[in-house]
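Respectively, the protein sequence lines represent chains V and E.
Counting in numbering that gives the first Met the number 0, the first sequence runs from 0 upward without gaps.
Counting in numbering that gives the first Met the number 0, the second sequence runs from 0 upward without gaps.
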Amino acid sequence: MTITESAVASAGISLRGLTKSFGPVRAVDGVDLVVAPGETVALLGPNGAGKSTTIDLLLGLGKPDAGDVRVFGMTPDQAVQRGAIGAMLQTGELIRDLTVRELLTMMASLYPNPAAVDDVVDVTGLHDIVGRRTNKLSGGQTQRVRAAIALISNPDLLVLDEPTVAMDVEGRHLFWNSVRRIAASGKTIVFATHYLEEADTYADRIVLMARGRIVADGPATEIKATVGLRTIRATLPGVDVEALTSLDGVKSADRRGEAVVLHCTDSDAAIRALLTAYPAACDIEISGAGLEQAFLLLTGDRTSEDLS
Amino acid sequence: MNATYLRYELLRTLRNRRFFIFTLAFPLVFFYLIAGTNRHQELGGIPFATYYLAGMASFGTMMAMISAGGRIASERQAGWNRQLRLTPLTPRQYFRAKVATGYLMAVITLVLLFAAGLTLGVHLEAGRVAHMALLVAVGLVPFAALGIFVGHMFTPDSIGPVLGGGVSILAFLGGAWGPVGGAHGFMHDVSQATPTYWLVQAGHELVGEDAWTSTGWLVVAAWTAVLAVLAARAYQRDTKRV
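Here is the structure:
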């Protein structure tokens, strides 16, 4: 085995040069990603960033136009056959007319080395509803049963695609508590979300996606600092943009006629520095850049800087 | 075969009251309505009720088999097929469970129809009943594949008209509602080339017509081969979000 091959085999997940188009739309555009076993990674991005398509390719539900997917050194199909992958897809309901326990037993019977149904019920907190029919569950309960199905194969990799979208605050809390317990047991977890907070709180590492590409990848705190950008806009004629960029807390600056726009890593420091250096600055607005705006900044799309 | 998986597939089919009652009630109601009101008539020396029981057995079991299509379409809409793709369940196991469910519904249909026949005084001979049931089971094979194929091609909203229309045409051409095209000629040949025709002949074993010939095996085998390939392809292609 060559060095690269053994590196791939020891990685939990290895995506290389992954590309997938639907008609003229490039949903995934050259994604490279390696996830170590035991890591919890958030795929963060706005709708249409390519998160779900990447997950479909990772799970073998779609075939990439180009590139390669390996899960614990295996193809997705092989990994599925061995029960190494458990997944909670973004959309999906449960089949009707079985109780929660019956459904879990049925799914467990499909795998070579399934988890015990009782253990899965424990970790997902389903005690109260194991005897209930699947068509009599609330939205949050359904999601937890779907998570239980994802765990029933006793997988090494758990993939969750926007798992909390349909849940209320209480449901989210319960759900992520379960995920924490699962992560603590050493499983590799990849989850997609468009909530920065979820990614920050529950992931070791955040992978930012926009327009089918990975635009940032690093520890959660680092990414949060990047995406948590604020913008200061002020009327300030005749000042050099370069000079503004060197102010404390400012990452970059642009001129729009009479006005300047400062993208700040620390807007508190930046506003103090700005007013000290340029007391003439007026019409000042400070705004938080939303996730989508931050993504667009990171992708270097100039039109996006029209936000303020 | 995975017995646990199969057991729960069957169980949830039986628990789905709407499908269950509708699939079973339809042939029963028809049988009582038509055979019940004509119970003292005869057709070529055979009591009308017996004759009609044979016809309803074909039609009812066909509907029972094809009803798998509706269930599959609903499961697909729920995203369940994508979930199953993430399990080691093979297409073969999936098909077997679906076919087994169809046959279970067909058997229940037959039993209920025979019971209904007895209440109208239909005389049933064990030998003939067994012979007929065996041939009906053979004649149903292409319909098992048809149900799975159609279930993967259409949504729950569109599958009703597709099944209703398709089954009516096949039933009409195959002579389920009375012979088509006389004893010879083009329409007779068309009729003989349908799987429904042979299912009807299989049902008529009950009245001792012995109309099942080697052509029957051939037609059933050909339809099964074509529909099974179509069904397998539709299943394999079907990984998209619906």
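Backbone N, C-alpha and C fix where the C-beta goes; we use that ideal spot for every residue, glycine too.
Item to check | Chain-ordered residues of the region 153-166 of chain V with a beta carbon less than 7 Å from chain E | outcome: none
Checklist entry - Who are the neighbours of Pro87 of chain E on chain V, taking C-beta pairs under 9 Å? => result Taking a Cβ-Cβ threshold of 9 Å, the residues of chain V close to Pro87 of chain E are Val79, Gln80, Arg81, Gly82, Leu109, Tyr110, Pro111 and Ser152, in chain order.
Item to check | Coil, strand or helix - Ala258 of chain V by DSSP | outcome: strand
Checklist entry - Along the chain, which unbroken stretches of the beta strand (DSSP E) at least 3 residues long are found entirely within the region 24-62 of chain E? => result Entirely contained in the region 24-62 of chain E, not one beta strand (DSSP E) run reaches 3 residues.
Next on the checklist: Please give the ranges of any beta strand (DSSP E) in the region 68-156 of chain E, keeping only runs that are unbroken, at least 3 residues long and fully inside the region.
Outcome noted: none
Checklist entry - What did DSSP end up calling Asp28 of chain V once you bin it into helix, strand or coil? => result Annotated three-state conformation of Asp28 of chain V is strand, per DSSP.
Checklist entry - Sorry if obvious, but does the Cβ on Thr52 of chain V come closer than 8 Å to a heavy atom of the ligand PLP? => result Inclusion of the ligand PLP in the displayed structure is not the case, the ligand content being empty and no account of it being possible.
Checklist entry - So, does the CB of Arg95 of chain V fall closer than 9 Å to a CB anywhere in chain E? => result Between Arg95 of chain V and chain E, the shortest Cβ-Cβ separation is below 9 Å.
Checklist entry - Closest by CA to Met61 of chain E, which one among E:Ala210, E:Ala201 and E:Ala230? => result E:Ala201
Checklist entry - Which residues in chain E sit within 7 Å of Ala86 of chain V, going by Cβ to Cβ distance? => result Leu85
Next on the checklist: Checking the sheet assignment: what are the DSSP bridge partners for Arg212 of chain V?
Outcome noted: V:Ala209
Next on the checklist: Taking the alpha helix (DSSP H) that Arg100 of chain V belongs to, which residues open and close that run?
Outcome noted: Val99 to Ala107
Item to check | Cβ of Gln82 of chain E within 9 Å of any chain V Cβ | outcome: True, the Cβ-Cβ gap to chain V drops below 9 Å.
Checklist entry - How about Met105 of chain V: is its C-beta nearer than 9 Å to some C-beta of chain E? => result At least one beta carbon of chain E lies nearer than 9 Å to the beta carbon of Met105 of chain V.
Next on the checklist: With three or more beta-carbon pairs closer than 8 Å as the criterion, would you say the region 232-251 of chain V touches the region 276-284 of chain V?
Outcome noted: yes
Checklist entry - Are the C-beta atoms of Thr100 of chain E and some chain V residue less than 9 Å apart? => result no
Item to check | Arg311 of chain V, buried or exposed, once every other Cβ within 10 Å from all chains shown has been counted against 16 | outcome: The requested residue 311 of chain V does not occur in the structure, where chain V is confined to residues 0 to 307.
Item to check | Leu229 of chain E: first and last residue of the uninterrupted alpha helix (DSSP H) it sits in | outcome: Ser213 to Arg236
Checklist entry - Along chain E, in chain order, which residues have C-beta atoms closer than 8 Å to that of Gly91 of chain V? => result Ala77, Gly78, Trp79, Arg81 and Gln82
Checklist entry - Short check: CB of Val240 of chain V to CB of Thr264 of chain V, under 9 Å? => result No, Cβ-Cβ distance for Val240 of chain V and Thr264 of chain V is not below 9 Å.
Checklist entry - From His126 of chain V to Val189 of chain V, what does the alpha carbon distance come to, in whole angstroms? => result 26 Å
Checklist entry - Quick check: the region 68-83 of chain E against the region 152-171 of chain E, are there 3 or more CB pairs under 8 Å? => result yes
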